[in-house]
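Residues 937 to 1024 (the working numbering) are what the sequence shown spells out, left to right.
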Amino acid sequence: MVLSEGAGIKLDILVEKDKAMLNFITLIPVNPKKFPRANYRDTMTFVKWLTHPDKGQKIISAFGKDKYGSPLFFPDSREWRKKKGIKD
């Protein structure tokens, strides 16, 4: 079943927004002193883009909406939470 098929299938939501069900995806840049061959500068450029509320986080919040009617992922970067007034 895909989300967009909801009209033909009746399912009740039993649990929603429970912290135990959260599955965070984390981006961790490696230490350039430990891994000198890693491209740290470009990594940090990507981190800044991905965590920016109006760039990467905006794409994350829209991913899947057009096909399934609901997003498949939800933004949660520190920068996004700060812009929305959500405390850590």
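Glycine included, every Cβ here is placed at the ideal spot set by N, Cα and C.
- In the three-state reduction of the DSSP assignment, Thr962 falls in the coil class, being assigned neither a helical nor a strand state.
- Between Thr987 and Glu1015, the C-beta gap is smaller than 9 Å, which places the two residues in contact.
- Residues of the same chain with a CB within less than 8 Å of the CB of Gly1000, apart from the 5 flanking positions on each side, are Leu939, Ser1006, Pro1007, Leu1008 and Phe1009 in chain order.
- If you look at Ala998, you'll find it in the alpha helix (DSSP H) that goes Gly992 to Ala998.
- Annotation for Val983: the continuous alpha helix (DSSP H) segment containing it runs Tyr976 to Thr987.
- In the three-state reduction of the DSSP assignment, Arg1017 falls in the helix class, which pools H, G and I.
- Here Lys1003 carries a helix assignment [DSSP, helix/strand/coil].
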